[in-house]
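**Q** Take this structure first; my questions come after.
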Amino acid sequence: MLAAGFCVVLVGLLAYKVFDQAGSAISTFGLGFLGNSTWNPVINKYGAADFIYGTAITTAISLALAAPLAIAIALYLTELAPRVLRTPIATLVEMLAAIPSVVIGLWGILVLGPFMQAHLEPWLHSVLGWIPLFDGDPSQVGLLSAILVLTIMVVPIVSAVTREIFVTCPPELKEGALALGATRWEMVRTVMLPYARSGIVGAVILGMGRAVGEAIAVTQVIGGTAGIHASLFGSGDTLASRIASQYQGATSNLQISSIAYLGAILLVIALIANLIARLIVSGVRRPRTGFAS
200 MLAAGFCVVL VGLLAYKVFD QAGSAISTFG LGFLGNSTWN PVINKYGAAD
250 FIYGTAITTA ISLALAAPLA IAIALYLTEL APRVLRTPIA TLVEMLAAIP
300 SVVIGLWGIL VLGPFMQAHL EPWLHSVLGW IPLFDGDPSQ VGLLSAILVL
350 TIMVVPIVSA VTREIFVTCP PELKEGALAL GATRWEMVRT VMLPYARSGI
400 VGAVILGMGR AVGEAIAVTQ VIGGTAGIHA SLFGSGDTLA SRIASQYQGA
450 TSNLQISSIA YLGAILLVIA LIANLIARLI VSGVRRPRTG FAS
């Protein structure tokens, strides 16, 4: 009880300190801070719009890439992989979550960035350049590099949770589908995926919480230039990245308070994401009485 109560108090203290630190910026800029794209320490004008945009686009696209990969990995480890390979492969996939983010960011600088500039981005531009997302000059840093780094970091989290959900699928439901003549893929499509649907959504939302709050790796590869533009090749910034890169070098109390305001926004997003994930994942514990036909 004391340990659980300490966690509750700690979350409350964290929220209080962040919002207290952000009080000056909240009173100065109000909710207009969310829609203002100016971030200029020289004239003490600050806004979060650029960073909210960067956070939203990197998180959304990285989840769109990571979720199918993670679900495919979980299905392979649950249904297709030989038993002798399941544990080693699962361990290697989950080891991605244990790699320090600064190391992944360093890999992004040394390996991913040059590959993006020399090969991937020119190819995307030549094939899909008519889409604004893939217009512009190739670069070693930018939104696309941050998206791929976040994808690598989100996959093991979503995969691990999804695999645990698949394992809880009652064997009698799967065996019943196979006994009725379903192929293995039809069994997966009509039994396992409907059974695990709410859990998969919860896993993706947990992955979103990781993507939204990642700072160091994103700071190393995103470029750190504020701006709202359609091209993924251009540099940008996120809420977490801006906090990590500028808090120590802040030159005025209002700038410190504005950075704390960014942290307050990030904290609210993270708490809402985790609350929604908890509510959705709890649905997977409800007993199932049948499967989709």
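In this text, residue positions in the sequence shown follow the working numbering: the first is 200, and each later residue adds one. The beta carbon of each residue, even a glycine, is placed where N, CA and C say it ideally should be. Since the model is a prediction, treat every value here as computed from it, not as a measurement.
1. Compute the Euclidean distance between the alpha carbons of Ala255 and Val411, then round it to the nearest angstrom.
2. Expressed to the nearest angstrom, what Euclidean distance is found between the alpha-carbon atoms of Ala214 and Glu374?
3. Can you list the beta strand (DSSP E) stretches of 3 or more residues lying completely in the region 212–242, in chain order?
4. In chain order, what residues of the same chain lie with their CB nearer than 6 Å to the CB of Pro369, ignoring the 5 residues before and after it?
5. Counting along the chain, where does the alpha helix (DSSP H) carrying Ala443 start and finish?
6. Could you give the first and the last residue of the continuous alpha helix (DSSP H) run that contains His324?
7. Using alpha carbons as the reference points, say which of Trp238, Asp249, Ala221 lies closest to Gly426.
8. For Val467, count neighbouring C-beta atoms within 10 Å of its own C-beta (all shown protein chains included) and say buried if the count is 16 or more, exposed if not.
9. Does the distance from the C-beta atom of Val340 to that of Val420 stay below 7 Å?
10. Reducing DSSP to helix, strand and coil, say where Gly448 ends up.
11. Can you confirm whether the region 397–415 touches the region 286–294 when touching is taken to mean that 3 or more C-beta pairs between the two stretches lie within less than 8 Å?
12. At which residue ranges does the region 277–349 contain complete alpha helix (DSSP H) runs of 4 or more residues, listed in the order of the chain?
**A** On the basis of the data shown:
1. Ala255 and Val411 have their C-alpha atoms spaced approximately 8 Å apart.
2. 49 Å
3. Correct list: empty.
4. none
5. Taken as a continuous stretch (DSSP letters only), the alpha helix (DSSP H) holding Ala443 covers 438–445.
6. 320–327
7. Among Trp238, Asp249, Ala221, the Cα nearest to that of Gly426 belongs to Asp249.
8. exposed
9. For Val340 and Val420, yes; Cβs fall inside 7 Å.
10. coil
11. no
12. Within the region 277–349, the complete alpha helix (DSSP H) segments of 4 residues or longer fall at 282–294, 300–306, 320–327, listed in chain order.
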